[in-house]
Structures are given as C-alpha cells and as structure tokens.
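Participant: With full-length UniProt numbering as the guide, the letters of the sequence shown map in order to residues 1 to 485.
We put the beta carbon where it would ideally sit given N, CA and C, even for glycine.
Structure incoming, see below.
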Amino acid sequence: MILPIVMAGGSGTRLWPLSRQRFPKQFLTLDGQHSMLQTTLQRLSGLAHQAPLVICNEEHRFSVAEQLRANKLAHSGIILEPVGRNTAPAIALAALQALKSEQDPILLVLAADHVIRDEAAFCQTLASAKILAEADKLVTFGIVPTKPETGYGYIKRGKALVAANLNGSEPEAGRFFIDRFVEKPDLETAKQYIESGEYYWNSGIFMFKASVYLAELKAHRPDIYRDCERAIANTQSDLDFIRIDKDAFLDCAADSIDYAVMEPLCNNKSTSNKAIVVPMACGWSDVGSWSSLWEVSSKDPQGNAIRGDVIANNTRNSFIYAQDKLVTTIGLEDMIVVETKDAVLVAKQSDVQQVKAIVEQLEHEQRPELTQHKQVYRPWGKYDAIDDGERFLVKRISVNPGEKLSLQMHHHRAEHWIVVSGTAKVTKGDEELLLSENQSTYIPLGMIHALENPGKLPLELIEVQSGSYLGEDDIVRFQDKYGRS
1 MILPIVMAGG SGTRLWPLSR QRFPKQFLTL DGQHSMLQTT LQRLSGLAHQ
51 APLVICNEEH RFSVAEQLRA NKLAHSGIIL EPVGRNTAPA IALAALQALK
101 SEQDPILLVL AADHVIRDEA AFCQTLASAK ILAEADKLVT FGIVPTKPET
151 GYGYIKRGKA LVAANLNGSE PEAGRFFIDR FVEKPDLETA KQYIESGEYY
201 WNSGIFMFKA SVYLAELKAH RPDIYRDCER AIANTQSDLD FIRIDKDAFL
251 DCAADSIDYA VMEPLCNNKS TSNKAIVVPM ACGWSDVGSW SSLWEVSSKD
301 PQGNAIRGDV IANNTRNSFI YAQDKLVTTI GLEDMIVVET KDAVLVAKQS
351 DVQQVKAIVE QLEHEQRPEL TQHKQVYRPW GKYDAIDDGE RFLVKRISVN
401 PGEKLSLQMH HHRAEHWIVV SGTAKVTKGD EELLLSENQS TYIPLGMIHA
451 LENPGKLPLE LIEVQSGSYL GEDDIVRFQD KYGRS
C-alpha cells in the first residue's frame, strides 16, 4: 500500500503579502474552496493509499492540525521539525517513522502547495508507477513542459526503461533512466530544452520504498542518515503531533533529496538504473510566483484573475486580489495587485520575482508584516488585530466551541473583554463566571486568568489591552491543553 508523505513546510516569501512566514502558501485558499494543503490530501481520493503522514515546522503545527480537522481529513500523524533542514532529512524522518510499523511501505512524497488541474491523470500516473517502486527503483515524476519556463528546475531523461530492468515485468511505455538534474535555466536554454523533447520540469514528487530510500541516503549522506535516525529514535506523542529529538535534528545538515540521493545515483554508473523519471501531464504548477498563480487561475474575458471586492475598469491580463477593502483599477495591463489588511503589493507581472527583494528588506527592518497577518490562527481559534496605538491594542477574538485558552497572566498589561456573541466561561483568580452577549469583565495586570467557550457556537469577543508592553511574549502560561505551558 502507498503511504503519502505530505511536506507542509515553507517560508512564506514568494507570494507575499498574502503568504507570511507564520502562514505560508500551503495554508492559503488560492484556487477553489479549500487551502492548498487540504486540496493536496483530497486529490488522493482517486488513489489506493494509507492515511497520509504530514511533516511541518513546529511553528505551523496548529495551522496544519486545524486544517485537517476542519475538513475531516484522515492522517497517520504530524511530524514536527524544530527547524527546517530541506527535503532529504524530512523524507528520512518520515521513512524511519513508517518503518516503526514493522512494514516497508511505498512512500509517495508530495509538496502541500502545488496546483494540479487533471487529478484523474495525476492519480493514474502515480498508480502506474507503483510497479517501479516495488522493484526497488527511486522514481520521480517529470512534468511534461508546456512552454520554456525559467522558474523551474529540469530533469533530462536518459535511455528508456525496458522489461529486463524490472526482473521480467513489463512496465508501461514512457519510463526513463535519469540522465541528470539541471538548475533553473535562462530563457534561451529553456527553449533548447523544450525543442529537444528530452527534458521535464522537476516536480519534486517521488515514489520509493522507505527502506530503499534510507539505504541510498545512508550510502551517499551517512551524516544525514545518522542524525535523522537519532532524532526519530525517541519520539514523543503530543495530541496528533510526533515530536522528534530536537538536539539531534539541530545537528543534521540541510540538503535536498535531489542533491543528497538522486544526483549521486545518476552519476554512479553502477547504480544508475535505480533512478527513474516518469513523465506526467496533469496541469501541474508549483505556484511559485504571482504570475504563475495568474496563469493557473480562471479569468474573465479581459484575462483578469479577480478575487474579492474588485472593480476593474479598462484592465487586462492582471491578477487583482482584495482581502479587506474595495480595490479599483483603471487602465492596467499585465499587473499584479494584492491587498491585505496590513500591506499592498503592486507590481508588473514581469517583475514579480523581485518580491524576494521586498521580503529581504522587511526582514532587515524586522517588520511584523513579514511574519504574520493581522489575523492570527491559534489552536483554540483566531484573533484579528483591529486597532493599536501607544499603550493600547484592540483585538477581535474567536474561540471555537469546546476550546480554552491557557491559564495565564501578564506582567505588563491589563485586559477588558466584551462578549459579542456566544458564551464565555472566564476564570479570574479563584473566581469563575459566565458571560453572554453584551456582558464584559476586566482582567487586572498580574491576575491569573483563563477564557473558555463552553457552548456549541463560536465565541466572539472584543479584547482591549492596555499597558506599557503589549507583545505576545508577555504571557506566562500555567496550564495549557495544547502543550505550550
């Protein structure tokens, strides 16, 4: 049986300002009604598989868990990486965890932030490649290119695979040894790749047995194998989360599966028959820029992809996204306009790769717009920063039914809570009280307190903070059902 490994990491930079470090693009709803993570798991319904294993950064754990819960998506656990170390170690953690079941499943490695238009073709290609993985091959899927693309890496195919290479089994046509991986080319080189018919876009999708991948990793990068083995040896379960040994993983080198495993297989002629590329034509995109999102989006007769409250006058071939306000455009062509609650991006389609420079400047200036939105998700619900100024901050807080914030106190701020809708169970020192719509309470500085939604409907309230310091790190937690105390 196939075990999908869904890698839900990401730095949240290429689609800024919609994507942020603490809420990268895999959590965004960019195409359809569901987030990219949710869609990634849902499209596997056409493939026979076990419940997927998800890997994400520890910082994103509650966003992942909430999105899986909201869509009732089955999974085998969520492995938490304390730091990002690229794909080779991430896949090793998943392979080692899978082998703990005393089975040797075929792993299907997927990124959580890709768009795939033809899901039937996607699942059919995956299913047809299973015979290769069963024969101890390491398979990657090369996207049949539709144009010269400078934003993707490429895979050059080698000789065609024949029946003798699979112990007498007869594979379907269109299976090739991998000749080499190549980095993102310039436009002229990309045109030559397309004309040759021998190159595919590098999808980052893989299929192989867990034991086969680990054996190759151990042969070519024994240091990564050793540190991942140490990190996964003593895991701790926390809700749906699988926590690894942080110190061991911090020692692990960062490397991609391409560099650590696949390229050495291609270069070593004695083992090159293990690295296989299977062509895939499924309407794939990694949505690596605003222009690529425009390409895969549905458009109006003027070629505009529009989201939100937008009036586009004499505007063509543009992507316009309005999150919080009415956005109007006049006389634009080939443009990107993205509005969020705290930032606006306006760029030519041809210049969207320079978003990276904006992100670098935000990082240099340590601006909060780099890391998170005004609306922030928490394991118990979410809050939205409405207004702020010197010595005050106003939030709209939403607590899901049955959820509870930690028992906590603050050294530098007091809080006023006003219930907008629902019922609030409030702990203030030794006192407990229930508040309903239009009722309020005051939490003095230094008082131990907690907030809970005991009802069946969401609890909505307004919180007004006042004090000398209003940062999120002014929280001392005494008890927390989410393991944060």
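Going straight from the alpha carbon of P171 to that of L293, what length do you get?
Facilitator: By 1-based counting over the sequence shown, the position of residue 171 is 171. By 1-based counting over the sequence shown, the position of residue 293 is 293. Model confidence at P171 stands at a pLDDT of 49, short of 50, so the residue's coordinates are unreliable and nothing is read from them.
Participant: Between the alpha carbons of I2 and G429, how many angstroms are there, rounded?
Facilitator: Along the sequence shown, one-based indexing puts residue 2 at 2. Along the sequence shown, one-based indexing puts residue 429 at 429. Cα to Cα, the separation comes out at about 52 angstroms.
Participant: So, helix, strand or coil for S211, using DSSP?
Facilitator: Translated into the one-based positions of the sequence shown, residue 211 becomes position 211. Correct three-state label for S211: helix.
Participant: What did DSSP end up calling S203 once you bin it into helix, strand or coil?
Facilitator: Sequence index remark: in the sequence shown, residue 203 carries index 203 (1-based). S203 falls in the strand class under three-state DSSP.
Participant: So, for T29: in the same chain, excluding its five sequence neighbours on each side, which residues have a beta-carbon less than 6 angstroms away from its beta-carbon?
Facilitator: Working through the sequence shown from its first residue, we reach residue 29 at position 29. Closer than 6 angstroms at the Cβ level, and outside the excluded window around T29, lie S35.
Participant: Quick test of your reading: residue 509 and V376, contact by CB under 8 angstroms. State the CB separation rounded to the nearest angstrom.
Facilitator: In this structure the chain extends from 1 to 485, so residue 509 is not present and cannot be described.
Participant: Check this for me: beta carbons of L217 and A88, under 8 angstroms apart or not?
Facilitator: Counting from one through the sequence shown, the residue named residue 217 turns up at place 217. Counting from one through the sequence shown, the residue named residue 88 turns up at place 88. Against a cut-off of 8 angstroms, the Cβ pair of A88 and L217 comes out as a contact.
Participant: What separation, rounded to the nearest whole angstrom, lies between the Cα atoms of A210 and C252?
Facilitator: By one-based count along the sequence shown, residue 210 stands at place 210. By one-based count along the sequence shown, residue 252 stands at place 252. So the two alpha carbons sit approximately 19 angstroms from each other.
Participant: Give me the DSSP bridge partner(s) of P279.
Facilitator: Counted from its first residue, the sequence shown places residue 279 at position 279. P279 is bridged to G142.
Participant: Under 8 angstroms by Cβ, that's how I've got V277 and I205 pegged, so tell me the actual separation to the nearest angstrom.
Facilitator: By 1-based counting over the sequence shown, the position of residue 277 is 277. By 1-based counting over the sequence shown, the position of residue 205 is 205. With a Cβ gap of about 11 angstroms, V277 and I205 do not count as contacting.
Participant: Go ahead and label R85 buried or exposed: buried means 16 or more other beta carbons lie within 10 angstroms of its beta carbon, across all protein chains shown.
Facilitator: Against the sequence shown, residue 85 aligns to sequence position 85. With 16 or more Cβ atoms within 10 Å of its Cβ, R85 is classed as buried.
Participant: What does a CB cutoff of less than 6 angstroms around E195 pick up in its chain, not counting 5 residues either side in sequence?
Facilitator: In the sequence shown, the residue the question calls residue 195 occupies position 195. There are no such residues.
Participant: Name, in chain order, the residues that DSSP records as bridge partners for R396.
Facilitator: What you label residue 396 is simply residue 396 of the sequence shown in a count that begins at 1. Answer is D384 and I462.
Participant: Just to confirm before moving on: does the CB-CB distance between A372 and R69 stay below 8 angstroms?
Facilitator: The residue you call residue 372 lines up with position 372 of the sequence shown. The residue you call residue 69 lines up with position 69 of the sequence shown. In the sequence as displayed, the identity of residue 372 is Gln instead of Ala. No, the Cβ-Cβ distance between Q372 and R69 is not below 8 angstroms.
Participant: Please name the residue or residues paired with F249 in a DSSP beta bridge.
Facilitator: Numbered from 1 along the sequence shown, position 249 holds the residue referred to as residue 249. None; F249 has no bridge partner.
Participant: Quick one: give me the first and last residue of the beta strand (DSSP E) that W417 is part of.
Facilitator: For this step, residue 417 is matched to residue 417 along the sequence shown. Note, W417: beta strand (DSSP E), R413 to S421.
Participant: If you count every other CB in all the chains shown that lies within 10 Å of the CB of I78, and 16 or more means buried, which is it?
Facilitator: If you number the sequence shown from 1, residue 78 lands on position 78. Per the 10 Å Cβ criterion, buried.
Participant: Report the partner residues of C266 according to the DSSP bridge assignment.
Facilitator: Working through the sequence shown from its first residue, we reach residue 266 at position 266. None; C266 has no bridge partner.
Participant: Since F181 and M262 are thought to touch, with beta carbons under 8 angstroms apart, how far apart are those beta carbons, to the nearest angstrom?
Facilitator: Indexing the sequence shown from 1 puts residue 181 at position 181. Indexing the sequence shown from 1 puts residue 262 at position 262. So it is a contact: roughly 7 angstroms between Cβ atoms.
Participant: For I79, does the three-state DSSP call read helix, strand or coil?
Facilitator: Residue mapping note: residue 79 aligns to position 79 of the sequence shown, counting from 1. Here I79 sits in strand by DSSP.
Participant: Please go through the segment 295-369 and give each complete alpha helix (DSSP H) segment of 4 or more residues, from N-terminal end onward.
Facilitator: List check, alpha helix (DSSP H) in window: 355-364.
Participant: At the level of alpha carbons, what is the spacing between I320 and V337?
Facilitator: Stepping through the sequence shown from its first residue, residue 320 is reached at position 320. Stepping through the sequence shown from its first residue, residue 337 is reached at position 337. Each residue's Cα considered, the two are about 5 angstroms apart.
Participant: Could you tell me the alpha carbon to alpha carbon distance between S485 and I475, rounded to whole angstroms?
Facilitator: To locate residue 485, count along the sequence shown from 1; it is residue 485. To locate residue 475, count along the sequence shown from 1; it is residue 475. The alpha-carbon atoms of S485 and I475 are separated by roughly 10 angstroms.
Participant: Can the beta-carbon of T40 be found less than 8 angstroms from the beta-carbon of G32?
Facilitator: The residue you call residue 40 lines up with position 40 of the sequence shown. The residue you call residue 32 lines up with position 32 of the sequence shown. No. Outside cutoff.
Participant: In three-state terms, what does DSSP make of Q67?
Facilitator: On the sequence shown, residue 67 is found 67 positions in, with the first residue counted as 1. Note: Q67 maps to helix in three-state DSSP.
Participant: Quick one: residues in its chain with C-beta nearer than 7 angstroms to the C-beta of residue 523, no 5 flanking neighbours on either side, listed in chain order?
Facilitator: Look at the range of the chain in this structure, 1 to 485, and you will see that residue 523 is not part of it.
Participant: How about residue 486 and L393: do their beta carbons lie closer than 8 angstroms?
Facilitator: Within the shown structure, residues of the chain are numbered from 1 to 485, placing residue 486 beyond reach of any answer.
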